[in-house]
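J.: Numbering (the working numbering), first residue to last: 176 to 348.
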Amino acid sequence: MALNLPLPDKDDPVWTAANGFIVRENGGVVRLTGHETFAVKVTGEQTDGAFAFMDGLIEADHGNVPHIHSKEDEAFYVASGEFEFINGNEKITAGTGDFVYIPKGTRHAFKNTGSEPARLLVFYTPAGPESFFLAHGETDRNPEPWPDEKFNELVDILGAHNIVLLPSDHDWD
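(1) Starting from A250 and walking both ways along the beta strand (DSSP E), at which residues does that stretch end?
(2) List the endpoints of the continuous beta strand (DSSP E) containing H311.
(3) Inspect the CB distances between the region 277-292 and the region 242-252 and report whether three or more fall short of 8 Å.
(4) Would you check if the distance between the CB atom of Y299 and the CB atom of A227 is smaller than 7 Å?
(5) Whose C-beta lies closer than 8 Å to the C-beta of T222 among residues of the same chain, with five residues either side of it excluded?
(6) Exposed or buried, what is D348 when buried is set at 16 or more other beta-carbons lying within 10 Å of its beta-carbon?
(7) Using a Cβ-Cβ cut-off of 8 Å (strictly less than) and excluding sequence neighbours within five positions of L333, which residues of its own chain qualify?
(8) With the cut-off set at 7 Å, would you say G289 and A235 are in Cβ contact?
(9) For F213, tell me which candidate among G202, G219 and E220 has the shortest Cα-Cα distance.
(10) What does DSSP give as the partner residues of V240 in its beta bridges?
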């Protein structure tokens, strides 16, 4: 290509620095939280805190507890299946190929409304909440579902990860 552009000197590291990386299909650290299995594919340590990325498999008729992130935006891409999302005081149905964005400070949750496990890709920006999964997710492939008492024990731990649980009695009515 012969464009007439001002270019950096050929000794500039921009020409040779290979700072990107790849995470293969089966890469990442797998953690389970109740009926959710997440592969933490990219952490804030890898992106200088810019973002984190997780690949989740959510069992049918399960999801997470409504919550907010006080410092991070969260986005979801439905790779398979159908989910219902709580977004503040409304509900959103999202299916394969749909993208859902939740800004920080917004009460939200998701639930797989299908009859089969479904795949959900999760992005955080800036990074941070993925560290909860790495530190407190289960490593056993067949864990028992997390009882309500487990969440009560995690309130302070979640707070340290900028996550505040906000369940109500009618979340999935």
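Backbone N, C-alpha and C fix where the C-beta goes; we use that ideal spot for every residue, glycine too.
T.: Quick look at the numbers:
(1) D248 to V253
(2) Run containing H311: none in the beta strand (DSSP E); it sits in the alpha helix (DSSP H), E305 to H311.
(3) yes
(4) yes
(5) A302
(6) exposed
(7) H242, F307, V339 and L340
(8) yes
(9) G202
(10) The partner list for V240 (beta bridge, DSSP) is empty, contrary to what the question assumes.
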